[in-house]
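In this note's numbering, the protein residues as written are 3 to 270. The structure under discussion appears below in the form of C-alpha cells.
Now the structure itself:
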C-alpha cells in the first residue's frame with residue numbers, strides 16, 4: 003500500500019501563524035467610500051450651484067477635502083483587501099516566511115531572500131482611526147527579486163511577526179522608512195519653493211481682481227461710475243482650496259527637507 007503521509011514542508015516546521023483581518027478592511031472601505039462620495043458630492047453640488055456662497059466657502063472646501071480623504075482611504079483599503087484575498091495569512095516557519103490565503107495562493111521566501119526590513123519609528127501615540135486602518139504598526143520587507151511585502155497592524159500579533167522576521171534575518175538591512183528624505187533633499191526644497199510661488203501668484207491674482215465701482219473723470223471734469231465685477235465666487239472658492247493645499251504642501255515639504263538634513267547630521 004502506497005505511503006500517503008504528507009511530505010515535510012521544505013521551509014521547516016510551523017513556528018507561528020498570523021491571520022490578516024481583511025474583513026475589517028472591507029468594512030473600512032465601505033464607510034470611507036460612503037463618506038467620500040456623500041461629502042464630495044455635496045461639496046461639488048454647492049460649488050456648482052452658487053460658488054459656495056450659500057454654505058460658505060470654508061464649508062465647501064471642508065466638504066471637498068473630506069470627500070477626497072474618504073475616497074483615498076476607501077480605495078486603498080479595498081485594494082489591499084482584494085489583493086490579499088479571503089483568509090490571508092502569514093506563517094513563520096523554521097527556514098522561511100509564507101504568505102498565502104484561503105483560495106490556495108501561497109508564496110514563500112527563505113530567510114536569506116529577505117534583504118531589507120523597514121519598520122518606521124513610532125513617534126507619539128496612535129489614534130483610534132490609525133489602529134482601525136492598521137496604521138499602528140507597519141513593516142515592509144525588501145525581497146531579493148526586487149519585490150516588497152507589506153505587513154500592517156491588521157495582521158494578528160503584527161509586532162511579534164515583525165520581530166520574528168527581524169530575529170531570523172540578521173543580514174537584512176534595517177531601515178526606518180525616511181531615508182529617502184536625505185536623497186530627495188533638492189527635490190523637496192524645489193517643491194516647497196514652487197508651492198510658495200503658487201501661493202504668491204494666487205494671492206496676487208485675487209488682489210488684482212477686486213469687485214467694486216471704478217471712478218473715471220474725463221477731460222471736461224465729468225465723473226462717471228462703472229461697476230467692475232471681480233473674481234466670481236466659484237473662482238475664489240477654488241483658489242482658496244488651492245491656497246490651503248499649496249500652503250500645506252510648502253510646510254510638509256520644508257519639514258521633510260529639514261528632517262532629512264537633521265537625520266543625516268545625527269547619524270554622522
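Beta carbons are placed, not taken as given, at the ideal position from N, Cα and C, and that holds for glycine.
CB-CB length for residue i against residue j, believed under 8 Å
i	j	result
residue 100	residue 108	6 Å
residue 24	residue 90	5 Å
residue 173	residue 95	Actually they are not in contact, since the Cβ atoms of residue 173 and residue 95 sit about 18 Å apart, beyond 8 Å.
residue 72	residue 45	The Cβ separation is near 11 Å, so there is no contact.
residue 256	residue 199	Not really, about 14 Å apart at Cβ, beyond 8 Å.
residue 243	residue 167	So it is not a contact: roughly 43 Å between Cβ atoms.
Beta strand (DSSP E) segment containing residue i, residue limits
i	result
residue 132	It is not in any beta strand (DSSP E) - residue 132 instead sits in the alpha helix (DSSP H) that spans 130–134.
residue 123	Neither: residue 123 is in no beta strand (DSSP E) and is coded neither H nor E.
residue 113	Per DSSP, residue 113 belongs to no beta strand (DSSP E) and is neither H nor E.
residue 93	91–95
residue 107	Neither: residue 107 is in no beta strand (DSSP E) and is coded neither H nor E.
residue 88	No beta strand (DSSP E) contains residue 88, which DSSP labels as neither H nor E.
residue 16	16–21
Close Cβ partners of residue i (< 7 Å) along its chain, the five nearest in sequence each way excluded
i	result
residue 105	87 and 88
residue 245	201 and 204
residue 132	138
Cut-off 6 Å between Cβ atoms - residues of its own chain near residue i, not counting five sequence neighbours on either side
i	result
residue 155	136, 138 and 139
residue 57	Reliability of the predicted coordinates at residue 57 is poor, the pLDDT of 48 falling under 50, and no value is obtained from them.
residue 120	142, 177 and 179
residue 66	45
residue 11	none
residue 34	72, 75 and 76
Residues that DSSP places opposite residue i in a beta bridge
i	result
residue 154	140
residue 76	Answer is none; residue 76 lacks a bridge partner.
residue 98	95 and 112
residue 145	116
residue 176	119
Residue interval of the alpha helix (DSSP H) (run including residue i)
i	result
residue 209	187–210
residue 170	160–170
Identity of the residue in the options nearest residue i by Cα
i	options	result
residue 157	247, 83, 48 and 240	83
residue 161	141, 170 and 204	141
residue 17	163, 175 and 258	163
residue 30	80, 42, 112 and 127	80
Contacts around residue i, its chain only, beta-carbon distance under 8 Å, and the 5 residues preceding and following it disregarded
i	result
residue 50	236
residue 251	193, 194 and 197
residue 103	86, 87, 88, 89, 90 and 91
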